[in-house]
DNA sequence: TAGCGTATGTACGAACTAGTACGTTATTAG
DNA sequence: CTAATAACGTACTAGTTCGTACATACGCTA
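Residue numbers (this note's numbering), protein chains in the order written: chain V, 1 to 213; chain W, 1 to 213.
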């Protein structure tokens with residue numbers, strides 16, 4: 001009836017546990033650095049189950065990637081900044097993005113890793129339809145309002161702004177180690193966190209305001 | 001007297017050729033994805049020579065990293081923007097940084113890879129003294145002049161500015177593949193190159209100018 | 001409760017990969 | 001010219017790693 005360890009058979013749970021561990025392993029060691037045996041050992045099941053559910057190391061990695069992106073997208077979809085005036089809304093969005101990046105280092109590592117592989121896995125995921133990213137829609141709404149006010153410049157679009165915000169947030173986390181080694185200042189130092197967050201907000205807002213250059 | 005292929009024995013050249021090939025291989029495949037045999041095959045020499053000159057795969061990787069950083073630093077050290085007024089100088093520096101990143105995708109990949117490994121190799125290189133990076137000194141000079149003018153804000157220092165500039169330039173190249181997959185727009189599209197470059201310049205300058213927020 | 005498909009465990013193998021033992025040839029100092 | 005040393009090549013090994021053949025147990029359904 002039960003497993004020796006008191007655990008029932010549970011396909012969903014086994015699958016999820018494998019994905020959880022695999023996410024950490026891939027994020028920490030990269031695709032080639034990850035050992036399927038190492039994932040199995042950290043799971044309450046065996047390597048056999050990894051192949052039972054995911055068929056191959058590669059497909060496991062793709063599943064990890066897909067789930068990670070889906071989770072991020074879910075969070076983004078829950079945001080609403082319509083109640084704030086445009087300049088404040090975009091600053092708030094930048095700050096939220098900043099916080100999300102700091103809270104998701106594993107996701108950031110996975111993205112870096114996938115780019116090292118030239119996006120050859122993420123390209124296969126049609127679940128990430130390029131068009132309706134909630135993050136972009138959010139920026140679009142804010143830009144629209146800001147332009148209607150006459151406050152925002154017209155020559156940058158939502159994807160441009162999203163790129164600028166993401167770049168700052170992503171770089172700070174992703175390149176933490178080399179940056180610290182070279183410049184002797186850890187960009188993730190909690191004491192400087194607020195300063196960086198304000199700098200990003202200032203930068204994005206001042207850039208968007210008409211006549212600021 | 002000569003090798004069968006007409007090539008003399010030449011330690012420096014062999015060393016350099018190994019480093020050249022290894023740089024490409026490590027940049028393209030990551031540390032764990034790189035095969036020492038693959039490097040050897042692309043060289044006019046054999047795997048034995050890699051171990052003769054570099055002792056191990058790891059030390060070869062460290063040598064690649066060290067040389068790559070030294071090359072970048074060399075370029076930076078040759079810059080001088082004293083002839084431009086502060087706002088123009090910082091814009092010009094941003095543009096030059098932008099161009100360098102676009103021209104050095106292998107270096108960017110190596111940096112990403114090293115960060116995946118949490119900087120454990122670059123940390124050992126004391127050749128990269130944290131203090132006197134030419135890039136930082138350059139920003140420092142410009143900021144100093146801009147503040148003397150009363151034109152630049154006082155609450156961001158050279159490393160902060162360098163972070164903001166690098167983040168934008170680095171992200172655009174490093175995350176090209178996932179960005180394209182998700183947002184359907186390649187940030188390295190040559191047709192949009194000037195637009196991105198101007199956006200970066202505008203952003204940095206407007207951020208630095210007093211009273212711009 | 002019988003039976004069948006889903007879920008799980010064990011043990012193994014074929015291929016790969018970093019590193020080396022051993023031998024050879026070129027170059028140069030004296 | 002000759003000896004010594006630096007530069008180079010071949011063939012191999014020990015250990016690792018993805019993946020699987022084979023065996024078994026659980027639990028739902030009829």
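From the three backbone atoms N, C-alpha and C, an ideal C-beta is built for every residue, glycine too. Treat the numbers as computed from the prediction; the structure is a model and nothing was measured.
Any Cβ of chain W within less than 8 Å of the Cβ of residue 105 of chain V? Residue 105 of chain V does not count as touching chain W.
Answer yes or no: do residue 86 of chain W and residue 152 of chain W have a C-beta to C-beta separation smaller than 8 Å?
-> It is a contact, given that the beta carbons lie within the stated cut-off.
**Item:** Under 8 Å between C-beta atoms of residue 166 of chain V and residue 171 of chain W
**Value:** Going by C-beta atoms, residue 166 of chain V is nearer than 8 Å to residue 171 of chain W.
message: Which residues in chain V have a C-beta closer than 8 Å to the C-beta of residue 207 of chain W? List them in chain order.
response: Ordered by position in chain V, the residues that pass the 8 Å Cβ test against residue 207 of chain W are 199, 202, 203, 206 and 207.
Next item on the list: Please report the Cβ distance between residue 197 of chain V and residue 95 of chain V, rounded to the nearest whole angstrom; I am assuming they are in contact, meaning their Cβ atoms lie under 8 Å.
Entry: The Cβ separation is near 6 Å, so the contact holds.
Can you tell me whether residue 163 of chain W is helix, strand or coil according to DSSP?
Three-state DSSP puts residue 163 of chain W in a helix.
**OP:** Identify every residue that forms a DSSP beta bridge with residue 208 of chain W.
**Re:** DSSP output for residue 208 of chain W lists no bridge partner at all.
Checklist line | Given residue 194 of chain W as reference, the closest of V:160, V:202 and V:176 once Cα atoms are compared | finding: Residue 194 of chain W has its Cα closest to that of V:160, out of V:160, V:202 and V:176.
Quiz prompt | Residues of its chain near residue 30 of chain W, where Cβ-Cβ distance is below 6 Å and the 5 sequence neighbours each way are ignored | solution = Excluding positions up to five away in sequence, the list reads 113.
### Task
Please list the partners that residue 180 of chain W has in chain V, where partner means a Cβ-to-Cβ separation under 8 Å.
Per Cβ cutoff of 8 Å: 119.
* To do: Look at residue 119 of chain V and residue 34 of chain W and say whether their C-beta atoms are less than 8 Å apart.
  => Result no, Cβ atoms of residue 119 of chain V and residue 34 of chain W do not sit closer than 8 Å.
| request: Would you kindly report the start and end of the unbroken alpha helix (DSSP H) that includes residue 100 of chain W? | output: Segment 86-103, the alpha helix (DSSP H) holding residue 100 of chain W.
(Q) Which residues does DSSP list as the beta-bridge partners of residue 152 of chain W? (A) The partner list for residue 152 of chain W (beta bridge, DSSP) reads W:209.
Thinking C-alpha only, which one of V:101, V:146, V:200 and V:12 is nearest residue 84 of chain V? When each option's Cα is compared against that of residue 84 of chain V, the closest is V:146.
Run through chain W and tell me which residues come within less than 8 Å of residue 111 of chain V, C-beta to C-beta.
Per Cβ cutoff of 8 Å: 175 and 178.
Contacting residues, own chain, Cβ-Cβ under 7 Å from residue 6 of chain W (five flanking each side not counted):
Here the model assigns residue 6 of chain W a pLDDT of 43, short of 50, so the residue's position is not dependable and the matter cannot be decided.
Members of the stretch 21-45 of chain W near chain V, C-beta cut-off 8 Å: Correct list: 29, 30, 31, 32 and 33.
Rounded Cβ spacing between residue 182 of chain V and residue 79 of chain W (contact assumed at less than 8 Å): Contact doesn't hold; Cβ gap of about 17 Å is too wide.
So what's residue 28 of chain W in DSSP terms, helix, strand or just coil?
Helix.
**Study point:** Terminal residues of the alpha helix (DSSP H) in which residue 176 of chain W lies
**Key:** Its alpha helix (DSSP H) spans residues 176-183.
**Report entry** Beta carbon of residue 47 of chain W nearer than 8 Å to that of residue 37 of chain W
**Finding:** Yes, the Cβ-Cβ distance between residue 47 of chain W and residue 37 of chain W is below 8 Å.
Inset, instruction - Just the chain V side, please: which residues come within less than 7 Å of residue 166 of chain W by C-beta, in chain order? - result: Those are 171, listed as they occur along chain V.
Members of the stretch 145-157 of chain W that neighbour chain V once the beta carbon cut-off is set at 7 Å: Only those residues of the stretch 145-157 of chain W whose C-beta falls short of 7 Å from the nearest C-beta of chain V are listed: 156.
* Can you find a CB in chain V that lies within less than 8 Å of the CB of residue 185 of chain W? -> At least one chain V Cβ lies under 8 Å of residue 185 of chain W.
task = Could you tell me whether the Cβ of residue 80 of chain V comes closer than 8 Å to any Cβ of chain W?
result = Residue 80 of chain V does not count as touching chain W.
- Are the Cβ atoms of residue 77 of chain W and residue 199 of chain V separated by less than 8 Å? Against a cut-off of 8 Å, the Cβ pair of residue 199 of chain V and residue 77 of chain W comes out as no contact.
Distance cutoff 8 Å, beta carbons only. Does residue 60 of chain V sit that close to anything in chain W? Closer than 8 Å: no.
Practice item. Within 10 angstroms of the Cβ of residue 214 of chain W, are there 16 or more other Cβ atoms? Answer buried if so, exposed if not. Key: Because chain W is modelled from 1 through 213, residue 214 of chain W falls outside the range shown and cannot be assessed.
Please report the distance separating the alpha-carbon of residue 174 of chain V from that of residue 205 of chain V. Note on geometry: alpha-carbon atoms of residue 174 of chain V and residue 205 of chain V lie some 24 Å from one another.
- Classification of residue 11 of chain W by the beta-carbon crowding that lies within 10 angstroms, buried from 16 upward: The residue is exposed, with fewer than 16 neighbouring Cβ atoms inside 10 Å.
Can you pull the chain V residues whose beta carbon is under 8 Å from the beta carbon of residue 114 of chain W, in chain order? Residues of chain V passing the Cβ test: 177 and 178.
| field | Closer than 8 Å to chain V by CB, residue 12 of chain W | value | Residue contact with chain V for residue 12 of chain W: absent (no Cβ-Cβ distance below 8 Å to any residue of chain V).
### Query
Thinking just about the alpha-carbon of each residue, which of W:184, W:89 and W:102 is nearest to the one in residue 190 of chain W?
Checking every option, the nearest Cα to that of residue 190 of chain W belongs to W:102.
- request: Give the interface partners of residue 159 of chain V over in chain W, defined as CB-CB distance under 7 Å, in chain order.
  value: Result: 183 and 185.
### Query
By DSSP, does residue 144 of chain W sit in helix, in strand, or in coil?
Here DSSP, grouped into helix, strand and coil, assigns residue 144 of chain W to helix.
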